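Numbering (mature numbering (1 follows the signal peptide of the UniProt record, and there is no 0)), first residue to last: -23 to -1, 1 to 186.
The structure appears right after this line, and notes come after that.
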């Protein structure tokens, strides 16, 4: 039994290692709890489900997930240099800002931080996608609109790819949300996986044109 387990472990490690070396696209996700799988087993989270899909379909794409629950744009700026140096991604997907918005951070500061995250990633040689985050209207329509508009402004000024928010079709359905009404549940994860599979595919095609 022990020999069988060791043999299985070696084969699994070699498979992961060979896939990693085979991958042509390395996508690093810089995100918050929505990509970190808050309240879920890691195996249930959409990032893991999508990586498993790529492996099953033999797509040469590796996902590097640096998402941290509670992460804000200024937190990420402290770490992004080390992440870029360690992982050397070909692509960077920035899924951040929700925690900034919920806490009412100044819009100009949000835009500044997002711009720095994009440009630091671009200077490392990576293609960058910026996800257009949306927040609940608790802080009023003016702040909410200015918040969402920040993403298109930053994308336009940096020439980053603007990616739609995967929570838009999820947040309106209570059956897909955890009890806190902020985070998607396990049932929502395959839906997010398929949404992101399509959006990432479109993005990768554009970067190869």
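Ideal Cβ positions, reconstructed from N, Cα and C, are used throughout, including at glycine.
Because the structure is a prediction, the values reported are computed rather than measured.
DSSP three-state label for residue 149, please. coil
Kindly list the residues whose CB is nearer than 7 Å to the CB of residue -22, restricted to its own chain and excluding five residues on each side of it in sequence; keep chain order. Residue placement at residue -22 cannot be trusted, given a pLDDT of 45 that sits under 50; the coordinates are not used to answer.
Hey, quick one: how far does the alpha helix (DSSP H) through residue 64 stretch, first residue to last? 50 to 64
Just to confirm my understanding: we take residue 87, look at its own chain, exclude 5 residues before and 5 after, and list those with CB closer than 8 Å. What are they? 50, 74, 77, 78, 124 and 127
Other residues of its chain near residue 163: CB distance less than 6 Å, five sequence neighbours each side excluded: 17 and 21
Exposed unless 16 or more other CB atoms sit within 10 angstroms - verdict on residue 42: buried
Excluding the five sequence neighbours on either side, which residues of its own chain have a C-beta within less than 8 Å of the C-beta of residue 92, listed in chain order? 131, 134 and 135
Please name the residue, chosen from 55, 175 and 9, that lies closest to residue 159 on a Cα-to-Cα basis. 9
Through-space distance from residue 24 to residue 15, alpha-carbon basis: 12 Å
Beta carbon of residue 4 nearer than 7 Å to that of residue 68: yes
For a quick check, are the C-beta atoms of residue 153 and residue 161 less than 7 Å apart? yes
Assign residue 34 to buried or exposed, taking buried as 16 or more other Cβ atoms, counted over all protein chains shown, within 10 Å of its Cβ. exposed
Using DSSP's beta-bridge definition, name the partner residues of residue 8. 72
Output yes or no for whether 7 Å exceeds the beta carbon distance between residue 166 and residue 26. yes
Of the residues 54, 107 and 57, the one placed nearest residue 143, counting alpha carbons only: 107
Go through the stretch 111 to 143 residue by residue and report every complete run of the alpha helix (DSSP H) that reaches 4 residues or more, in order. 118 to 135
Where does residue 185 fall in DSSP's three states? coil
With the cut-off set at 7 Å, would you say residue 112 and residue 7 are in Cβ contact? no
Within the continuous beta strand (DSSP E) that includes residue 93, where are the two ends? That residue, residue 93, is in no beta strand (DSSP E); its alpha helix (DSSP H) goes 84 to 100.
What does the alpha-carbon distance come out to for the pair residue 186 and residue 179? 11 Å
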